[in-house]
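**Q** Input: one structure, supplied below.
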Amino acid sequence: MLEGIFGNKTAEKVLLHIYHYGESHASAIAQDFGIALTPVIQQMNRFEVAGVLVSKVAGRSRVYSFNPKSPLTKPVKDLIEMTYEAIPLSQRQKLFETRRRPRRKGKPVT
Numbered sequence: 056m057l058e059g060i061f062g063n064k065t066a067e068k069v070l071l072h073i074y075h076y077g078e079s080h081a082s083a084i085a086q087d088f089g090i091a092l093t094p095v096i097q098q099m100n101r102f103e104v105a106g107v108l109v110s111k112v113a114g115r116s117r118v119y120s121f122n123p124k125s126p127l128t129k130p131v132k133d134l135i136e137m138t139y140e141a142i143p144l145s146q147r148q149k150l151f152e153t154r155r156r157p158r159r160k161g162k163p164v165t
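Residue numbers (the numbering used here): 56 to 165.
Structure, rendered in structure tokens:
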């Protein structure tokens with residue numbers, strides 16, 4: 056949907072993934088969407104240079120999230136939100152079915 060605005064499908068997938076999870080790293084996005092890691096990293100770096108995303112190092116990974124200080128973030132997030140809401144629920148569940156946070160040891164599965 057946003058391919059025409061952002062120039063490629065990878066950009067749309069990166070932003071949708073970060074919108075859904077709040078933050079993410081490149082290998083998770085590449086794995087979830089079945090795309091190569093290099094274009095995901097390049098796209099995330101472009102968004103960081105533009106000020107839309109910020110990154111932090113967590114262990115050996117670089118985790119990206121939306122930049123709360125950038126004036127560009129709100130319009131981009133609004134656009135992503137409209138796209139996200141337009142995806143049918145069944146398709147959204149397939150795209151984002153992987154649990155990201157580890158479960159506490161001994162916690163019952165509900």
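Beta carbons are placed, not taken as given, at the ideal position from N, Cα and C, and that holds for glycine.
1. By DSSP, does lysine 111 sit in helix, in strand, or in coil?
2. Out of curiosity, what's the CA-to-CA distance linking leucine 134 and serine 116?
3. CB-CB under 6 angstroms to alanine 66, same chain, minus the five flanking residues each way: which ones, in chain order?
4. Take lysine 111 and list the residues in its own chain whose beta-carbon comes closer than 7 angstroms to its own, dropping the five residues that flank it on each side.
5. Going by the beta-carbon positions, is the gap between aspartate 87 and leucine 127 smaller than 9 angstroms?
6. For asparagine 122, which of Tyr74, Glu58, Lys64, Phe61 has the nearest alpha-carbon?
7. Roughly how many angstroms lie between the CA atoms of glutamate 78 and lysine 68, to the nearest whole one?
8. For proline 94, collect the residues of the same chain with a Cβ closer than 6 angstroms to its Cβ; drop the 5 residues on either side in sequence, then sort them by chain order.
9. For glutamate 78, which three-state DSSP category applies?
10. Within 10 angstroms of the Cβ of isoleucine 60, are there 16 or more other Cβ atoms? Answer buried if so, exposed if not.
**A** With the structure as the only source:
1. Assignment of lysine 111 by DSSP, reduced to helix, strand and coil, places it in the strand class.
2. Cα to Cα, leucine 134 sits roughly 28 angstroms from serine 116.
3. Shown here for alanine 66: same chain residues with a beta carbon closer than 6 angstroms to its own, the five before and five after excluded, namely Gln98 in chain order.
4. Excluding positions up to five away in sequence, the list reads Val118.
5. No, they are not a contact pair.
6. Closest by alpha carbon: Tyr74.
7. About 13 angstroms.
8. Cβ neighbours of proline 94 beyond the five flanking positions: Thr65.
9. Glutamate 78 falls in the strand class under three-state DSSP.
10. Isoleucine 60 should be labelled exposed.
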